[in-house]
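Undergrad:
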Amino acid sequence: MTEDKMAGTPIIRIKNLKKDYKIRSSKLGQPPRVLHALSGVSLDLFQGETLGVIGESGCGKSTLGKCLVQLTRPTAGEILYNGQNLCALSNSALKPVRKELQMVFQDPYSSLDPRFTTKAAIEEPLIIHGLERDSKKRRETVLAMLREVGLDVQHMDRYPHEFSGGQRQRINVARALVLQPKVIVCDEPVSALDVSVQAQVLNLFSSLQKRHNLTYIFISHDLSVIKHISDRVAIMYLGTVVELCDADEIYQNPRHPYTKALLSAIPPDSPFEKAQKLTLSGEIPSPIGDLTGCPLAGRCPERMPVCSQKRPALKEISPGHRAACFLYHQEEYAEE
Ligand SMILES: Nc1ncnc2c1ncn2[C@@H]1O[C@H](COP(=O)(O)OP(=O)(O)OP(=O)(O)O)[C@@H](O)[C@H]1O
Ligand SMILES: [Mg+2]
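Residues in the sequence shown are numbered from 3 upward in steps of one, following the numbering used here.
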């Protein structure tokens, strides 16, 4: 990440964030079980950066994004924003904060209401937040937003089914942008799009970021998308961040065995072929119930006795590079 982005205080600090879901037992009369979707995530987000978040399906990426914008309330931990812990705020106290923290979702088809024209979809957040009561001015604002995302006046009164996937995602971006947010969580926003359209929408995200000094959390399971867009990358596994560093560093110098395995899975003709090959045995353990030790311990070829006894903390192992692995710091345990 560039020096100026790392300088300054973080815009958001996430501390030991946890999210549990109660799962009904399939057996009659059995008590519900607990699924740990996030089990202690701590990270800082810096003003103007794009933090890429990558990991296999079910590792908690969307849960992290939803907790950050408070669409889902975390079970424990803190999210510090403007000196406030968002997790401790009531719904009414959260309302002014919500417009500063927006989210764009994966599926551009289902995230727009089919009964709303483009104009109605983009102005709705303004109406909800009581930001622009004059309908003529609202129309002007909507038009300005449409132009920001590469659409124009002729798209105002059309319905979602009249657009391509890429155009719909542009409308979703305009809807998020109209509230002048500071942070946008982008949850797989290009995964449903064709590769050629993906590049255009990624470029749109980049240019909007520069123009509005936006901070992004960019969630994807696609390593090339993450490489293209991110300043830093967080690798997630089973509800935790296992490695966090600059985007270039993650491909040149992966340190956590899970990151190495993730990079090893990329086809050999990719630019990541230099990554030290590493294969994991077995499947990802279930997030249901309690797990002692490092979440990768059962599958890791480099495991040591301590790995199945304690959970390693995400600690700095070289400047700006953090890993949660006892190979690099024997005595640092995560907060339970
Ligand atoms: N509302 C819910 N109720 C119960 N369990 C949930 C709920 N939402 C998510 N989970 C569980 O939490 C875990 C993390 O889910 P999450 O959607 O955050 O994963 P993800 O990394 O975004 O996966 P994907 O790449 O498939 O989108 C999963 O095991 C999932 O089944
Ligand atoms: Mg998800």
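C-beta atoms are modelled at their ideal positions from N, C-alpha and C, and glycine is treated no differently.
(1) Do proline 183 and leucine 103 have their C-beta atoms within less than 8 Å of each other?
(2) Roughly how many angstroms lie between the CA atoms of arginine 35 and proline 287, to the nearest whole one?
(3) Classify threonine 119 as helix, strand or coil using the three-state DSSP reduction.
(4) State yes or no: is the C-beta of aspartate 224 nearer than 7 Å to some heavy atom of ligand 2?
(5) Taking all protein chains shown into account, do 16 or more other C-beta atoms lie within 10 angstroms of the C-beta of serine 41, making it buried, or fewer, making it exposed?
(6) Taking the alpha-carbon of isoleucine 221 as reference, which of Thr294, Leu179 and Ala236 has the nearest alpha-carbon?
(7) Check whether the Cβ of glutamate 190 lies closer than 7 Å to any heavy atom of ligand 2, and answer yes or no.
(8) Whole angstroms are fine: how far does the CA of cysteine 247 sit from the CA of serine 113?
(9) Could you pull out every residue in the same chain whose Cβ sits closer than 6 Å to the Cβ of histidine 331, ignoring the five residues on either side in sequence?
(10) Is it the case that the Cβ atoms of glycine 322 and cysteine 309 are separated by a distance below 8 Å?
(11) Pull up the DSSP beta-bridge partners for aspartate 248, would you.
(12) I'd like to check one pair, valine 144 with isoleucine 124: are the Cβ atoms closer than 8 Å?
(13) Under a Cβ-count criterion, where at least 16 other Cβ atoms within 10 Å of its own Cβ denotes burial, should methionine 306 be classed as buried or exposed?
(14) Which same chain residues end up closer than 6 Å to glutamate 245 when comparing Cβ atoms and leaving out the 5 residues on each side of it in sequence?
(15) Compute the Euclidean distance between the alpha carbons of histidine 157 and arginine 172, then round it to the nearest angstrom.
(16) Does the Cβ of serine 64 lie closer than 7 Å to at least one heavy atom of ligand 2?
(17) What is the residue span of the alpha helix (DSSP H) that tyrosine 260 lies within?
(18) Let me make sure I understand the geometry here. Which of Met147, Leu264 and Pro289 has the alpha-carbon closest to that of lysine 279?
(19) Using the DSSP secondary-structure output, state which residues sit across from alanine 325 in a beta bridge.
TA: On the basis of the coordinates in this document:
(1) If you number the sequence shown from 1, residue 183 lands on position 181. If you number the sequence shown from 1, residue 103 lands on position 101. Yes; because the gap between Cβ atoms is below 8 Å, this pair is in contact.
(2) What you label residue 35 is simply residue 33 of the sequence shown in a count that begins at 1. What you label residue 287 is simply residue 285 of the sequence shown in a count that begins at 1. Near 15 Å, if we compare the C-alpha coordinates of proline 287 and arginine 35.
(3) The sequence position of residue 119 within the sequence shown is 117, counting from 1. Threonine 119: coil per DSSP, three-state reduction.
(4) What you label residue 224 is simply residue 222 of the sequence shown in a count that begins at 1. Flag unset: Cβ of aspartate 224 not near ligand 2.
(5) Translated into the one-based positions of the sequence shown, residue 41 becomes position 39. Result: buried.
(6) Position 219 of the sequence shown holds residue 221. For the residues Thr294, Leu179 and Ala236, the minimum Cα distance to isoleucine 221 belongs to Ala236.
(7) Residue numbering aside, residue 190 sits at position 188 when the sequence shown is read from its first letter. Checking the 7 Å criterion, the Cβ of glutamate 190 is within range of a heavy atom belonging to ligand 2.
(8) Position 111 of the sequence shown holds residue 113. Position 245 of the sequence shown holds residue 247. Those two C-alpha atoms are separated by around 32 Å.
(9) What you label residue 331 is simply residue 329 of the sequence shown in a count that begins at 1. So the qualifying residues of the chain are Lys317.
(10) Translated into positions along the sequence shown, residue 322 becomes position 320. Translated into positions along the sequence shown, residue 309 becomes position 307. Against a cut-off of 8 Å, the Cβ pair of cysteine 309 and glycine 322 comes out as no contact.
(11) Taking the sequence shown and counting its residues from 1, the one referred to as residue 248 is at position 246. Beta-bridge pairing links aspartate 248 to Arg234.
(12) For the purposes of this step, residue 124 is taken as residue 122 along the sequence shown, with counting starting at 1. For the purposes of this step, residue 144 is taken as residue 142 along the sequence shown, with counting starting at 1. Result yes, Cβ atoms of isoleucine 124 and valine 144 sit closer than 8 Å.
(13) Stepping through the sequence shown from its first residue, residue 306 is reached at position 304. Exposed, since its Cβ has fewer than 16 Cβ neighbours within 10 Å.
(14) Position 243 of the sequence shown holds residue 245. Cβ neighbours of glutamate 245 beyond the five flanking positions: Ile237, His258, Thr261 and Ala325.
(15) For the purposes of this step, residue 157 is taken as the residue at position 155 of the sequence shown. For the purposes of this step, residue 172 is taken as the residue at position 170 of the sequence shown. Inter-residue distance for histidine 157 and arginine 172 is about 11 Å (C-alpha atoms, whole angstroms).
(16) Numbered from 1 along the sequence shown, position 62 holds the residue referred to as residue 64. Yes, since a heavy atom of ligand 2 falls inside the 7 Å radius drawn around the Cβ of serine 64.
(17) Residue 260 sits at position 258 when you count from the first residue of the sequence shown. 259-266 is the extent of the alpha helix (DSSP H) around tyrosine 260.
(18) As a position in the sequence shown, residue 279 is number 277, starting the count at 1. Closest by alpha carbon: Leu264.
(19) Working through the sequence shown from its first residue, we reach residue 325 at position 323. In the DSSP assignment, alanine 325 forms a beta bridge with Glu245 and Lys317.
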